[in-house]
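**Student:**
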Amino acid sequence: MRNKLPSPYRPGLFHFTRAFIWLSTLIVTGIMIYFIVHLHSDGFKVPYAFLVILITCLLTLLNLLLTTLLYVRNSLRPIFSLTANVVLLILWIISLAFLGYSMRGTLMTTCNVDSWGTSTGVMVCRVYKTLFSFIVVAAVFTLLHVIIDGVAKKDQRHMTVLAAYDSMNGNGSGYGQDYKLHARGESAVPLAAVPVPVHEESRADPNTTRADVYNALGTVRHDNTVQQQHYQAQFQPQGGHDVEYYDGVPDVPPATGVRWASAAATRQTPYSPLHTRFDEQQTGYEAFRPHRTPYDEGGYGYRG
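For the sequence shown, the working numbering assigns the number 437 to the initial residue and increments by one for each residue that follows.
Pasting the structure below:
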């Protein structure tokens, strides 16, 4: 069955590893067939090490062929490949141990006429060493394939979780898109949320809250309504004199006694920090009074 999810294997490393396994296994299989045919034709018994190596090679080739077909159909499961490669790795290690034990004398000698006597013996020595070398290569790359299967199994688990989120979000386009909890134009918090009714009993009284805070500090605050009435009565204008307000600054009551201006002794004029009335008869610096301006009646200039 074809899987909708993409393959969890990284193509470069996956094909590189399998290419070396294919190459080394085919070479070892060819050498084994050559030895078995010549031994059988000469009437010699085939060693058990050769049989173990040949069985390992045939199982490896069968596994490579089957997993290649599954990979092409995007149906190769990492757990299946991992199990098969672990078994093959054990078989390669056993084959290597058997061959190394049976050829321990041959592997340590030099392939020349002095050691082997004839050119046929030299050729057999070289073939034995080639066989041992490619068995080592096959075992190493099978171990690497086991590691790749383990990583792919972990990646497939993550892909399955993402696919589950995708199905819950209602995206029917399949795997391979950016997974977001919300669309690009959608907010995580709805703009018009349904108001939740609040019962009157659950509303907190601000005066009670303030009283609780002040009582916790060891003081008692008066009621807020009483405080407002107190401040409103405090800032009411007094009836003893006229009060003018300029930009929020209240006028002060007229001062008694002689003023420093020349008209202060004859006329009581209220003094304001923002407005001063001078008499028409002025001397010194007061004689340079500007002419009447359009701003006289607005309270920002001089009044005649």
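We treat Cβ as the ideally placed atom computed from N, Cα and C, and that holds for glycine.
Only counting the same chain, and skipping five residues up and downstream in sequence, which positions put a Cβ closer than 8 Å to that of L512?
**Tutor:** Within the sequence shown, the letter at position 76 stands for residue 512. Correct list, in chain order: S443, Y445, T503 and L506.
**Student:** Would D585 pass as a contact of N521 if the rule is Cβ separation under 7 Å?
**Tutor:** Mapped onto the sequence shown, residue 585 falls at position 149. Mapped onto the sequence shown, residue 521 falls at position 85. Against a cut-off of 7 Å, the Cβ pair of N521 and D585 comes out as a contact.
**Student:** Starting from M468, trace the alpha helix (DSSP H) in both directions and tell me its first and last residue.
**Tutor:** For the purposes of this step, residue 468 is identified with residue 32 of the sequence shown, where counting begins at 1. Start and end: P447 to S477.
**Student:** What span of residues does the alpha helix (DSSP H) with S517 cover, start to end?
**Tutor:** Within the sequence shown, the letter at position 81 stands for residue 517. From DSSP, the alpha helix (DSSP H) with S517 extends over P514 to S538.
**Student:** Distance check for G557 and V549, CA to CA, integer angstroms please.
**Tutor:** Indexing the sequence shown from 1 puts residue 549 at position 113. Indexing the sequence shown from 1 puts residue 557 at position 121. Roughly 8 Å separates the two Cα atoms.
**Student:** Can I457 be considered in contact with the ligand MN, in the sense that its beta carbon sits closer than 6 Å to one or more heavy atoms?
**Tutor:** Among the components modelled here there is no ligand, and therefore nothing to report on the ligand MN.
**Student:** Determine the burial state of H451: buried for a count of at least 16 other Cβ atoms within 10 Å of its Cβ, exposed for fewer.
**Tutor:** Here residue 451 is taken as the residue at index 15 of the sequence shown, counted from 1. Its Cβ having fewer than 16 others within 10 Å, H451 is exposed.
**Student:** Is it the case that the stretch 540-548 contacts the stretch 459-479, given that we only count it when at least three CB pairs across the two stretches are under 8 Å?
**Tutor:** As far as the Cβ criterion goes, the stretch 459-479 does not touch the stretch 540-548, which means the pair count is below three.
**Student:** Quick one: is M468 buried, meaning 16 or more other Cβ sit within 10 Å of its Cβ, or exposed?
**Tutor:** Taking the sequence shown and counting its residues from 1, one reaches residue 468 at position 32. By the neighbour-count rule (16 or more Cβ atoms within 10 Å), M468 is buried.
**Student:** Roughly how many angstroms separate the alpha carbons of F568 and L532, rounded to a whole number?
**Tutor:** Walking along the sequence shown from the start, residue 568 turns up at place 132. Walking along the sequence shown from the start, residue 532 turns up at place 96. Using only the alpha carbons, I get a separation of about 7 Å.
**Student:** Considering only the alpha carbon of each residue, which of N499, R562, F486 and L501 lies closest to I530?
**Tutor:** Indexing the sequence shown from 1 puts residue 530 at position 94. Nearest C-alpha to I530: F486.
**Student:** Which word fits T492, buried or exposed, when buried means at least 16 other C-beta atoms lie within 10 angstroms of its C-beta?
**Tutor:** For the purposes of this step, residue 492 is identified with residue 56 of the sequence shown, where counting begins at 1. With 16 or more other Cβ atoms within 10 Å, it is buried.
**Student:** Please return the same chain residues whose Cβ sits closer than 7 Å to the Cβ of V582, not counting the five positions on each side in sequence.
**Tutor:** In the sequence shown, counting from the first residue as 1, residue 582 sits at position 146. Only L518, N521, V522 and L525 meet the Cβ criterion.
**Student:** Using the C-alpha atoms, what's the distance from V560 back to F534?
**Tutor:** The residue given as residue 534 occupies position 98 in the sequence shown. The residue given as residue 560 occupies position 124 in the sequence shown. One C-alpha to the other measures close to 18 Å.
**Student:** Considering only residues of the same chain and omitting the five flanking positions on each side of L580, which have a CB-CB separation below 8 Å?
**Tutor:** Indexing the sequence shown from 1 puts residue 580 at position 144. Same-chain partners within the cutoff: T453.
**Student:** Using a Cβ-Cβ cut-off of 7 Å (strictly less than) and excluding sequence neighbours within five positions of V563, which residues of its own chain qualify?
**Tutor:** Locating residue 563 in the sequence shown gives position 127, where the first residue counts as 1. The residues are I467.
**Student:** Using the Cα positions of T546 and V572, report the straight-line distance between them to the nearest angstrom.
**Tutor:** Counting from one through the sequence shown, the residue named residue 546 turns up at place 110. Counting from one through the sequence shown, the residue named residue 572 turns up at place 136. C-alpha separation (whole angstroms): 20 Å.
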